[in-house]
Amino acid sequence: MMKFRKKPVVIEAMQFKVIKEIPCKYGIHKEYNDFEIIDFVSAHNQFVRVGTEPNGEPEGLTFIEIPTLEGTMRADVGDWIIKGVGNEFYPCKPDIFEQTYEPVEE
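Count the sequence shown with numbering that gives the first Met the number 0 and you get residues 0 to 105, in order.
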């Protein structure tokens, strides 16, 4: 069996995260950077869908659906959205992102 090393390549990525927590009647209302991610992805003629699903909290669980080469994938809060070498987008879990990528000084 042959072994291969991943080529060093610089990627663009943005983490899906909470940017503000506001106290409200039901506890904490969370605001996300979903509009920044929509701008990031749609600048390359890709479209995403932001949704929520019940999880026992008033706001529910917020996620983003991203069309990828392998079909629609879901990014949860904390996941990274990566722009690949072919201008494709896909989500990546934070632990995998940390093991695979490091910041680049510009």
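Yeah, the Cβ is synthetic: ideal placement off N, Cα and C, and Gly gets one too.
Only a predicted model underlies this, so the values are computations on that prediction, with no experimental measurement involved.
Residue environment analysis places D78 among the buried positions, since at least 16 neighbouring C-beta atoms fall within 10 angstroms of its C-beta. When Cβ pairs closer than 8 Å are counted between the two stretches, the segment 17-30 is seen not to touch the segment 43-51, the count staying below three. Shown here, Q45 sits in coil according to DSSP, grouped into three states, outside any helix or strand. When only Cα atoms are considered, K6 and E101 end up about 14 Å apart.
Taking the Cβ atoms as the reference, F15 lies roughly 11 Å from I81, outside the contact range of under 8 Å.
Between E87 and T67 a beta carbon distance of about 6 Å is seen, short of the 8 Å cut, so the two are scored as contacting.
Of the candidates F46, E30, D94, K29, F46 places its Cα closest to the Cα of M72. With a contact defined as Cβ atoms closer than 8 Å, K29 and V40 miss out at about 21 Å. By the neighbour-count criterion, in which 16 or more other beta carbons inside 10 Å mark a residue as buried, I65 falls on the buried side.
Under the DSSP definition of a beta bridge, P22 partners with I27. By the criterion of a C-beta distance shorter than 8 Å, H43 is surrounded in its chain by K82, N86, F88, once the five residues flanking it on both sides are discounted.
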